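Shown next, in structure tokens, is the structure this report addresses.
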Amino acid sequence: MLAAAAFAPTAGNREAWDVVIVSDEGQLEALGDAAGNQHQIPDSGCAFVVCANYVRSMSRYGERGILYGVQDATIITTYLMLAAHALQLHTCWVGQFDEEEVKETLDLPKHIRPVAILVVGRGMPPESRPERMDPDEHVHYDVW
Ligand SMILES: Cc1cc2nc3c(=O)[nH]c(=O)nc-3n(C[C@H](O)[C@H](O)[C@H](O)COP(=O)(O)O)c2cc1C
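Throughout the sequence shown, residue numbering follows the numbering used here, covering 3 to 146 in sequence.
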């Protein structure tokens, strides 16, 4: 999964992402708590906490680097999901969490922002897919 993520594009090739791979039971429990008791985190056995590394992005891009750091981390999370799928693993993207609690739990330095918790495991595949809007509702041509 990490080998696949390393091929992702990043802004200016700054690779402004880092990941904390969590498998310790107590740490997974703490992450679950920080995410408002989302039980899939401790249930999974493994979570990838994907972070933006603002030193790498902001040292070149200044304020714009805040956006690039988040984009880099987001792309990496998506690559990790695709790689997990290829390995017949299941994932759940968890974005709802208390950032400060996650930072404290993982002892993250100040310049590291947790962007997504990717829960990885061998869960049950969903019985049905949630409905999606019609793509036309998202698309605009030439102007909004
Ligand atoms: C930015 C983002 C944040 C999300 N946060 C959560 C979350 O905190 N907990 C959760 O169970 N799912 C979360 N999800 C998963 C979505 O709920 C899920 O992708 C959506 O309902 C569509 O379902 P599907 O991915 O099975 O098609 C998140 C997804 C994204 C992209």
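C-beta atoms are modelled at their ideal positions from N, C-alpha and C, and glycine is treated no differently.
Predicted model, so just to flag it, every value in this text is computed and none were measured.
Excluding its 5 nearest sequence neighbours in each direction, Q73 has C-beta neighbours in its own chain below 7 Å: A13, listed in chain order.
By the rule of a C-beta closer than 6 Å to any heavy atom of ligand 1, the residues picked out are Q40, C94, W95, V96, G97, Q98, P128, R131 and P132. Contact between W19 and I78 holds: their C-beta atoms lie close to 5 Å from each other, under 8 Å. If you compare the alpha carbons of P11, I43, Q29 and V21 with that of G125, the shortest gap goes to I43.
Assigned with DSSP and collapsed to three states, P128 falls in coil, not helix or strand. DSSP lists no beta-bridge partner residue for R134.
DSSP places T76 within a helical segment (H, G or I) once states are collapsed to three.
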